[in-house]
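The numbering of the sequence shown is the numbering used here, which starts it at 18 and goes up by one. Idealized CB from N, CA, C, for every residue including glycine. Keep in mind it's a predicted model, so treat the numbers as computed, not measured.
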Amino acid sequence: GGGIFNLGSMTLTNSTLSGNSTTNSSGGGGGIFNLGSMTLTNSTLSSNSAGGGGGGGIFNVGLGSVTLNNNLLVNNTAGAGGNCFNGNTVTGSGNQEFPSPSNSVGCSAAGLTAVAINPLGTNALANNGGPTQTIALPAGSSAIGATTTNCPATDQRGTTRANPCSIGAYEYVPTNITVGCTGTVGDVPALIAAIATPGTIDLAAGCTYTLTALNNTGVNGPNGLPVITGQVTINGNGATITRSSATQFRIFQVAVGGTLTTNNLTISGGNTGFGGGGIYNSGTVMLTNSTISGNTSTSSGGGIYNNGGSVTLTNSTLSGNSAGNGGGGIYNLGSVTLTNSTLSGNSATSQGGGIRNSGGSVTLTNSTLSGNSAGTGGGIVNTGTVTLDNNLFVNNTATTGGNCYNLSMYQSNGNLAYPADNSNCSLTVAASNPLGTNTLTNNGGPTQTIALPTGSPAIGAATANCPATDQRGTTRANPCSIGAYEYVAPTLTSIVVTPATPSIPAGTTQQFTATGHYSDNSTQDLTISVTWAISGTANTISNAGNAGLATAGSTTGSYTVRATSSAIEGTATLTVTTAILTSIVVTPAAPSIAAGTTQQFAATGHYSDNSTQNLTSGVTWAISGTNQINNAGLATAGSTTGGYTVRATSGAIEGTATLTVTAPLLTSIVVTPATPSIAAGTTQQFTATGHYSDNSTQDVTSGVTWAISGTNTISNAGLATAGSTNGSYTVRATSGAVSGTATLTVSTATLSSLAITPVNPTLVEWASQQFTATGTYSNNSTQNLTSSVTWSVDHSNVITVSNLVTNTGLVTAVGVGSAVLTGSSNGITATTTITVVSGLIVTDPFDNGSGAKPGTLSYALLHATSGQVISFTLTSGSTINVGNALPPVKAGVQILAPCSITGGPTITLDGGFQAINGLTLSGNNLLQGFKLKGFWGKGLIATTFGNKLKCMAVIR
């Protein structure tokens, strides 16, 4: 008795004996040595030792008796009977011991179950809350929730015990794990981590947890979530766990010893080549208010494959699952219990579209199997044991046994089938479809169901064993309806008026709808059957053809709308706001204006309360085409004719008019030049430019009527001729009623042309010629302008002209060539071309050949700048010779005759093209010959001889 030695009566409840020992090798009872009466309930004996004696945990000998209920004996050691050694009487139930196989001796009557895994794990005696130390149960312990009888209200710590409770002194209280959600996307990694540890998991309401990758693969195929080996409870809260992956895997696998409990969870999208697209179970599965849908197995058990385990479905739905072999919804090799559940739209290629029971046990109570299909047994195929109470088999299809195919033990009470295509199932065949045209849908509650229509033969037709509620949680009648759905004659419980709080402008209408809500959670449109009323004297609501149509009066405010049926009333609040604009009228409606002109439009708003308002400055104006319109409705027509739309818009309300644009109108004529001045007798060209209503212009010179005042005249083309009277005169261009004017000023006649005479004369070198300039005026009169014009030449080396008062216009030829003489006066010019040739003038007063006599030879020197000459005295009648050979004749040089005079000196003056200024030659001898060669100069060259000149030659 290391811990307790009892010779009397002792009771231990919620107590822990740990680490106690006895060292007497001939004794025993490391934890307890009992020779009296002892009762142990929900206590833990762990790691106690009796050395070489007996009963490390409990040693009961002599007349001792021990009663053991819900106790945990773990790792107690002794020479014999490590956990328990009994030499007299031991009784009880619900106890566990470890290790396995059992090391106890004589204690089998105590109901000791040896477990393979230590229920305490690695936990030791510690402070786990409460006044005394305890040894905690780890998550997944086999002791958790393992007994339903003799449980104390609390554990050793004072913690309230569950039902079923945990074995031993410590009550395991799972810590709920919440797996979150972002929007509607669930946290899958957190879900995987949570399922890997036994406990309770809370999923986010309405969230979807999508598995996209394989988690593990075992002998039973690939899984999307960790294999459940302990107790896992999932509170779905309407969440969905689904698969979306090219890789095939099921959603859940529950191993032997594992437990999966779900509430309000949907499992979908599993796909596997092994059994169980949604769930593969070898342990325990309990589904409540849950849905298994859209799962696939190319083998068996599209929704669930139960391999020797236990499956319980309560208030749940299996739909749209499929199997390549048998059991589209469920394939069972163990125990399956369905209560208030629906199997619909499941399929199997071979047997059992809804359920394939292969040697197992199936119990169906108040469940509905509809629309399932298979090769054999569309609803169910049984080769095991099936118990059916109050179930509905409707429109399941198969080649053989559409609703049911039975080859084994079968019990049936209160079941109804339609149509009569059952094989050895003893189902009562309904005269009409118990489900009518109803299909799987949301009829209230957490899962979908198929409702019974009014008059269904399934209503109140069950025989016995009705659950308290149906699949939706609706209380069942007595007798109840067959199937998962309890028909309750609906009663009106409330009326909902929609919209609930509309707001409309004065004068407008609002359609209200009354929806009746019934006791069976169904709804019905009662709009035309309720009595409608509305507050406010100006508002009205119809109870006739347009039932529920309210018309707002002119007074703003909030008013109550009532829909009444018997004593049930629903209300809504109608808010009447200021009247709104309903239409816009644009006036004038169809005006026509010329291009470039304007049209004022007006916009009148018509409101919901039948009032009107001038909105001209408040609307948004627009016009089509290239026309324009301002914010005040003033439209300006463009240049393109046609019909155009004018729009006045306020919000979504628009009014229109049509503006027709015609050809532009002539609005003014501009005469140019505006104020010209011309001399009497001259002309002035006027131009008339028309300006049009579209701002375009056009030359209308030839299209207007021209007129001018005074004695002046003007042509049809606008060419005016000034008369002889000076002054200002009006020029007028007229088209219709539009005219334009200019002012023409007539002044004294002006010089219009000059003429120079003589015209194009030829002069001899050093000759002079007087030229005359005659002016012609604008009035055709003429005048000698020689002394008033300005004279000029273009080649002063050929001619020069004088502008001196004494000899104006006198031209002197100074060199051989051609030159232009110009006379100018006030911009008027005249020209003439003068040609100058060489000249030799000889004055020879002969004396009848009696010898040399005085005479004069004059030659105008080239390039001379004065009129001086070289003079010689000759004998009258002398002949001038130039030598035996005549030189080349130059223009303007006259050779009279060759001469051959001898005896006198010959003088040759060769300038060598140098200037010789002021040269004087003189002598008394007879001038035999005289040659001038190569001169140019600007001064006087003179020769004087006392004797007579006999012969002279000029060489150019």
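Cα-Cα separation between residue i and residue j, rounded to whole angstroms
i: Gln787; j: Trp808; result: 12 Å
i: Ser327; j: Gly47; result: 40 Å
i: Gly25; j: Asn105; result: 15 Å
i: Gly587; j: Thr518; result: 13 Å
i: Thr890; j: Ser841; result: Below a pLDDT of 50, predicted positions are generally treated as unreliable, and Thr890, at 35, falls in that range; no measurement from the model is reported.
i: Thr779; j: Val810; result: 15 Å
i: Leu651; j: Ser552; result: 47 Å
i: Gly241; j: Gly70; result: 52 Å
i: Thr56; j: Asp172; result: 16 Å
i: Gln265; j: Thr393; result: 27 Å
i: Ser110; j: Gly72; result: 19 Å
i: Gly453; j: Ser546; result: 26 Å
i: Ala179; j: Ser117; result: 27 Å
i: Thr177; j: Thr165; result: 14 Å
i: Tyr422; j: Asn338; result: 20 Å
i: Gly138; j: Pro155; result: 6 Å
i: Glu188; j: Ile251; result: 20 Å
i: Gly668; j: Tyr624; result: 13 Å
i: Asn342; j: Thr590; result: 60 Å
i: Leu350; j: Thr301; result: 13 Å
i: Gln800; j: Asp711; result: 55 Å
i: Ala754; j: Thr714; result: 17 Å
i: Leu1039; j: Gly311; result: Since the first and last residues shown for the chain are 18 and 973, residue 1039 lies out of range.
i: Thr94; j: Asn112; result: 18 Å
Beta-carbon proximity of residue i to residue j, cut-off 7 Å
i: Gly162; j: Pro181; result: yes
i: Leu335; j: Ile309; result: yes
i: Ala479; j: Gly431; result: yes
i: Val763; j: Asn743; result: yes
i: Ser60; j: Asn88; result: yes
i: Ser361; j: Leu457; result: yes
i: Arg267; j: Gly286; result: no
i: Gly247; j: Pro215; result: yes
i: Ser609; j: Thr677; result: yes
i: Ala739; j: Thr699; result: yes
Residue i - partner residues in DSSP beta bridges
i: Gly36; result: In DSSP, Gly36 forms no bridge with anything.
i: Trp549; result: Ala580
i: Tyr297; result: Gln270 and Tyr322
i: Glu188; result: According to DSSP, which records beta bridges pairwise, Glu188 is partnered with nothing at all.
i: Arg373; result: Tyr348 and Val398
i: Gly255; result: According to DSSP, Gly255 bridges with nothing at all.
i: Asn86; result: Thr58 and Ser110
i: Tyr535; result: Leu509
Residue burial classification, residue i (beta-carbon count within 10 angstroms, cutoff 16)
i: Met426; result: exposed
i: Val244; result: buried
i: Gln368; result: buried
i: Asn31; result: buried
i: Gly635; result: exposed
i: Ile725; result: buried
i: Thr359; result: buried
i: Val132; result: buried
i: Gly235; result: exposed
i: Val411; result: buried
i: Thr540; result: exposed
i: Ala914; result: Caution is warranted here: a pLDDT of 29 is assigned to Ala914, below 50, making its placement in the model unreliable, and the coordinate value is therefore given only provisionally. Exposed, since its Cβ has fewer than 16 Cβ neighbours within 10 Å.
i: Gln701; result: buried
Residue nearest to residue i in terms of C-alpha spacing, selected from the options
i: Thr354; options: Gly659, Gly376, Asn342 and Thr331; result: Thr331
i: Ser575; options: Gln528, Ala555 and Gly565; result: Ala555
i: Gly19; options: Thr28, Met27, Gly45 and Leu29; result: Gly45
i: Tyr502; options: Thr510, Leu509 and Arg493; result: Arg493
i: Pro206; options: Asn193, Thr227 and Ala222; result: Thr227
i: Ile670; options: Ser656, Thr637, Val593 and Pro474; result: Thr637
i: Pro463; options: Pro474, Thr629, Gly344 and Asn281; result: Asn281
i: Asn627; options: Pro608, Ala649 and Ala569; result: Ala569
i: Thr643; options: Leu632, Asn777 and Thr657; result: Thr657
Heavy atom of the ligand SAH within 6 Å of residue i beta-carbon
i: Ser552; result: Looking for the ligand SAH in the displayed structure turns up nothing, as the structure carries no ligands at all.
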